[in-house]
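Residue 0 is where the sequence shown starts when you use numbering that gives the first Met the number 0, and the numbers rise one by one after that. Worksheet: one structure, shown below.
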Amino acid sequence: MKLIIATPSPYARKARVALMEKGITFETIVDNPWLREAQAPGHNPLGKIPILVLDDGRVLHDSKVIVEYVDTLGAAPRLIPIESWPRIEHKQMEALADGICDAVVLTVLEHARPMPAQSADWLARQRAKIVAGVAQCERTIAGREWLIGERFGLADICTGCMLGYLDLRLPAFDWRELSPQLAAYYERIAARASFRATQPSAQTLPALG
Ligand SMILES: N[C@@H](CCC(=O)N[C@@H](CS)C(=O)NCC(=O)O)C(=O)O
């Protein structure tokens with residue numbers, strides 16, 4: 000199977016980490032969804048990555064769907080428990096971490112607009128979501144080894160990818176100072192082979208009017 004990604008994307012990183020943690024072999028195709036010649040719109044009407052192209056030609060997006068599918072494959076332990084409530088708790092953390100990433104993306108895009116067009120109110124609104132979201136992660140990890148339950152899973156993948164994205168896109172935001180337990184937890188997450196192999200890096204962004 001082939002996974003179409005962009006190198007900065009925390010959503011694509013979720014899919015990459017999940018595939019690696021499950022021990023599944025895949026080919027990585029690097030796209031830049033912001034460029035005219037991007038491959039993404041040919042597979043996903045929304046023009047967004049990540050996109051998983053199966054060997055029989057079937058196509059899956061977005062990251063939530065890809066991770067759900069990947070979790071049904073391979074012999075490695077499940078990333079998302081089957082039992083109802085633990086499953087929902089993992090999905091809730093996914094919604095939180097992805098929501099923080101959404102606010103960071105909106106911040107980055109706002110900064111890509113010409114200075115006079117940038118809205119300070121909009122940036123403050125996104126900032127409040129990021130700060131409150133990270134504070135919720137800190138409360139959740141307090142006194143625990145993993146975010147949900149007793150082992151690594153979806154919630155840890157999403158939160159680890161989100162924190163890596165914060166470091167890439169908002170390096171001046173010192174979330175470690177505000178969230179010391181999350182910082183210690185992230186050290187452990189970032190040391191995993193799947194995270195070390197998928198360090199995010201910047202790509203060209205559009206010039207927005
Ligand atoms: N909810 C989606 C978000 C995917 C997403 O926003 N991807 C960005 C890259 S980080 C993208 O492809 N953006 C291109 C666009 O919005 O046109 C997911 O979880 O996969």
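Heads up, the beta-carbon is just placed ideally off N, CA and C, and yes, glycines get one too. Predicted, not measured: the structure shown is a model, and the values here were computed from it.
Mind checking who residue 47 pairs with in its DSSP beta bridge? Answer is none; residue 47 lacks a bridge partner.
From this set, 102, 10, 57, 84, which residue's C-alpha is nearest residue 169's C-alpha? The alpha carbon of residue 169 has as its nearest neighbour, out of 102, 10, 57, 84, the alpha carbon of 102.
Can we count residue 48 as close to ligand 1, meaning its CB is less than 6 Å from some heavy atom? Yes, Cβ of residue 48 sits closer than 6 Å to a heavy atom of ligand 1.
Which residue comes first and which comes last in the beta strand (DSSP E) that contains residue 2? First-last of the beta strand (DSSP E) with residue 2: 1-4.
Beta-carbon separation (whole angstroms), residue 49 vs residue 17, contact threshold 8 Å: Residue 49 to residue 17, Cβ: 10 Å. No contact.
Run of the beta strand (DSSP E) containing residue 81, from where it starts to where it stops: Looking at the DSSP string, residue 81 is not in any beta strand (DSSP E), and its letter there is neither H nor E.
Of the listed residues 99, 88, 53, 58, nearest to residue 43 (C-alpha basis): The shortest C-alpha separation from residue 43 is found at 58.
Environment of residue 114 [buried if 16+ CB atoms lie within 10 Å]: Residue 114 comes out exposed.
Please list the terminal residues of the continuous alpha helix (DSSP H) segment that includes residue 158. Its alpha helix (DSSP H) spans residues 153-168.
Return yes when the C-beta of residue 199 is under 6 Å from any heavy atom of ligand 1, and no when it is not. Checking the Cβ of residue 199 against ligand 1 gives no.
Residues of its chain near residue 128, where Cβ-Cβ distance is below 6 Å and the 5 sequence neighbours each way are ignored: If we look at residue 128 and ignore the five residues flanking it on each side, its Cβ neighbours are 102.
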